[in-house]
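Residue numbers (full-length UniProt numbering), protein chains in the order written: chain A, 1 to 246; chain B, 1 to 246.
Protein chains: 2
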Amino acid sequence: MSESPLSIPLDRSSPVPLYFQVAQELEQRIQSGDMPAGTRLENEVVLAGRLGLSRPTLRRAIEYLVDRGLLVRKRGVGTQVVTPRVRRPVELSSLYDDLSQAGQRPRTEVLDLSVGPAPDAVAATLEVAPGTEIYLVERLRYAGDEPLALMHNYLTLDRVELTREKLAETGLYQLLRAAGITLKMASQSIGARGATAAEARMLGESRGAPLLTMDRTAYDDIGRVVEVGSHVYRATRYSFELTLTA
Amino acid sequence: MSESPLSIPLDRSSPVPLYFQVAQELEQRIQSGDMPAGTRLENEVVLAGRLGLSRPTLRRAIEYLVDRGLLVRKRGVGTQVVTPRVRRPVELSSLYDDLSQAGQRPRTEVLDLSVGPAPDAVAATLEVAPGTEIYLVERLRYAGDEPLALMHNYLTLDRVELTREKLAETGLYQLLRAAGITLKMASQSIGARGATAAEARMLGESRGAPLLTMDRTAYDDIGRVVEVGSHVYRATRYSFELTLTA
DNA sequence: GTCAATAGTTTGTCTAGACATATGGACGTC
DNA sequence: GACGTCCATATGTCTAGACAAACTATTGAC
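Take a look at the structure:
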């Protein structure tokens, strides 16, 4: 509820846009607890004046934080800091990213890396002609010593060059990023089913044990399909954490 | 790749902002196939001039569509329509909403609606003192004649008044909306496990059958906890569809 | 005391420009 | 023919203001 005069150092010679400098600084102060939940910002006109910015520029900074859920604005009332939450947006990340971030030691066993004709269902999703030659990847992922997931991926040959070595030591999404491919969007389907005998053997579960399934189609920034994946996870060891916003 | 002069009717007396009128009209033309993937927009200055708008206003319309993934901008190049995809954003919806939208007939059996002390774990998540009196809701959801999910919800008493009748005939989230509560954010955890004997009986599965589990905490626009839910779904009948964006 | 009109505050929308910077092609040189 | 330079083009950032609309609190009438 408090309202303190705000001062932010700006570097007008920096290539970082002013609105972004402001947004970053504000976010830092919110995350650090410097501006706890409920703190009210001064009104936009005064604040812009104090910072030596135009109101549109300041508004853009605030807008950025409102979109990310750190601030709330109400016309005629003001702008205030929201109760802090897990603000992790729904992430477009791979299992490797997730595990690295969680501080776990990911290990990959590449069971198969081959080039062959795409199964019909995969070809349709990848938007290539049936029977087109594509990469077929099958990997077993470990977290520490425990097997965690059995993953199947399908990619066209023209976007990136895959080798067993690269796949074993890093994540598929890291390889894609390194190849200059930016993943923009993905549609996923998350379900569950019992483990087949083969799956159970590889994952160290018993037959029929509940597995989480995740099918994903990933698209780049202009909407082309990049990757199709079909994965199963041990339900006892993994769950999907999501943050949804309205 | 084509580029056609664009004309959009604007109503300056409408309460709908101009930038939004433009955005809606553009979205409609993209969705209808009128502007297929790859179509390039005229540059912003010319377009703003033709529409009789300032460039910032036009940019705001375009920005809105870029954020939603319908357009891509590249500096020095131009703006073009993206390959059409399922654009459904990650939804903050309830099962009732999902089923209604899918054209299915949702039915609810209210197994329990009582007021009692919050279990410790729930109290912590709801951010109330341990033992505080809250709503305890247990519902069995059907799609058509088939049982689909067993849902547990926990809510504080002060936000909305619940009755068995209201819960039976509509969704919890609809009741919240009707009470003027806007859900802004939710964090979910999706996992899987085998059905207990009691769950199996109610859901018409056998014991140990794979179930999808979903735990959700929902927050309103200023970050207060609104609802805590713990649900299980029949894996053979339900899966979560998500669209992620970077 | 209750309720409605009103004034003040604050964000929402919009304008008309200016300059910066990334991109891609054309042109010229070697 | 290959390569680098320059230029046209388009989006990115920023300014200084104007008016509109929503919300709050106060004031006034009954």
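We put the CB at the ideal spot given by N, CA and C, even for glycine. Values in this document were obtained by computation on a predicted structure and should not be read as measured data.
Item: Rank 207(A), 210(A), 46(A), 108(A) by C-alpha distance to the C-alpha of residue 6(A) and give the top, closest one.; Value: 46(A)
Item: Kindly indicate which residue of 8(A), 82(A), 225(A), 150(A) has the alpha-carbon position closest to the one of residue 33(A).; Value: 82(A)
Item: Consult DSSP for residue 25(B) and reduce its assignment to one of helix, strand or coil.; Value: helix
Item: Work out the CA separation of residue 80(A) and residue 193(A) for me, nearest whole Å.; Value: 45 angstroms
Item: Tell me which residues share the same chain as residue 159(B) and place their Cβ nearer than 8 angstroms to its Cβ, disregarding the 5 neighbours each side in the sequence.; Value: 176, 179, 181, 226
Item: Ordered along the chain, which non-local residues of its own chain (more than five positions away) have a Cβ less than 6 angstroms from that of residue 131(A)?; Value: 117
Item: Does the region 9-21 of chain B come close enough to the region 210-222 of chain A that 3 or more CB-CB pairs lie under 8 angstroms?; Value: no
Item: For residue 303(B), which option in 201(B), 140(B), 44(B) has the closest C-alpha, if you only look at C-alpha atoms?; Value: Residue 303(B) cannot be examined here, being either before or after the span of chain B that is shown, 1 to 246.
Item: My output table needs one value for residue 78(B): the three-state DSSP class, helix, strand or coil.; Value: strand
Item: Would you mind working out which of 207(A), 245(A), 195(A) sits nearest residue 232(A), comparing C-alpha positions?; Value: 195(A)
Item: With a 10 Å radius around its C-beta and 16 neighbouring C-beta atoms as the bar for buried, classify residue 88(B) as buried or exposed.; Value: Because residue 88(B) sits at a pLDDT of 49, beneath the cut-off of 50, its placement in the model cannot be relied upon, and the following sentence gives the value as read from the coordinates. Under this definition residue 88(B) is an exposed residue.
Item: By Cβ distance below 8 angstroms, which residues in the same chain neighbour residue 12(A) in space, the five residues on each side in sequence not counted?; Value: 18
Item: In whole angstroms, what separates the C-alpha of residue 106(B) from that of residue 123(B)?; Value: 30 angstroms
Item: Rounding to the nearest angstrom, what Cα-Cα distance links residue 223(A) and residue 173(A) in this structure?; Value: 17 angstroms
Item: Cβ closer than 9 angstroms: which chain B residues qualify as neighbours of residue 15(A)?; Value: The premise fails here: residue 15(A) is roughly 14 angstroms from chain B at the closest Cβ pair, so nothing lies under 9 angstroms.
Item: Give me whichever residues DSSP pairs with residue 174(B) in a beta bridge.; Value: Answer is none; residue 174(B) lacks a bridge partner.
Item: Output the boundary residues of the beta strand (DSSP E) element that contains residue 190(B).; Value: 183-194
Item: Can you tell me whether residue 134(A) is helix, strand or coil according to DSSP?; Value: strand
Item: Check the Cβ of residue 193(A) against every Cβ in chain B and list those closer than 7 angstroms, keeping chain order.; Value: 210, 235
Item: Could you check if residue 121(B) is buried or exposed, using at least 16 other CB atoms within 10 Å of its CB as the buried criterion?; Value: exposed
Item: Report, in whole angstroms, the separation of the C-beta atoms of residue 157(B) and residue 115(B), which I expect to be a contact under 8 angstroms.; Value: 7 angstroms
Item: Please tell me whether residue 20(A) has its Cβ less than 8 angstroms away from any Cβ of chain B.; Value: no
Item: I'd like to confirm the pairing. Which residues does DSSP put opposite residue 116(A) in its beta bridges?; Value: 134(A)
Item: With 8 angstroms set as the bound, which would you pick, yes or no: does the beta-carbon of residue 137(A) sit closer than that to a beta-carbon of chain B?; Value: no
Item: Just the C-alpha distance for residue 39(B) and residue 52(B), rounded to the nearest angstrom, thanks.; Value: 22 angstroms
Item: Buried or exposed: residue 239(A), going by 16 or more other Cβ atoms within 10 Å of its Cβ?; Value: buried
Item: Is the separation between the beta-carbon of residue 186(A) and that of residue 244(B) shorter than 8 angstroms?; Value: yes
Item: Do residue 191(A) and residue 235(B) have their CB atoms nearer than 8 angstroms?; Value: yes
Item: For residue 67(B), which of helix, strand or coil comes out of DSSP?; Value: helix
Item: Report the neighbours of residue 125(B) on chain A: residues whose CB is nearer than 8 angstroms to its CB, in chain order.; Value: In chain order: nothing, as chain A lies at least about 12 angstroms away.
Item: In terms of alpha-carbon separation, which member of 229(A), 65(A), 127(A) lies closest to residue 138(A)?; Value: 229(A)
Item: Taking the beta carbon of residue 205(A) as the centre, do at least 16 other beta carbons fall within 10 Å, making it buried, or is it exposed?; Value: buried
Item: Using beta carbons (cut-off 8 angstroms, strictly below), is residue 239(B) in contact with chain A?; Value: yes
Item: Based on the DSSP secondary-structure assignment, which residues constitute the bridge partners of residue 229(A)?; Value: 153(A), 216(A)
Item: Assign residue 90(B) to buried or exposed, taking buried as 16 or more other Cβ atoms, counted over all protein chains shown, within 10 Å of its Cβ.; Value: Its pLDDT being 46, under 50, residue 90(B) is placed unreliably by the model, and the measurement read from it follows with that caveat. Counting Cβ neighbours within 10 Å, residue 90(B) comes out buried, since at least 16 surround it.
Item: Is it right to say residue 49(B) is buried, meaning 16 or more other beta carbons lie within 10 angstroms of its own, or is it exposed?; Value: exposed
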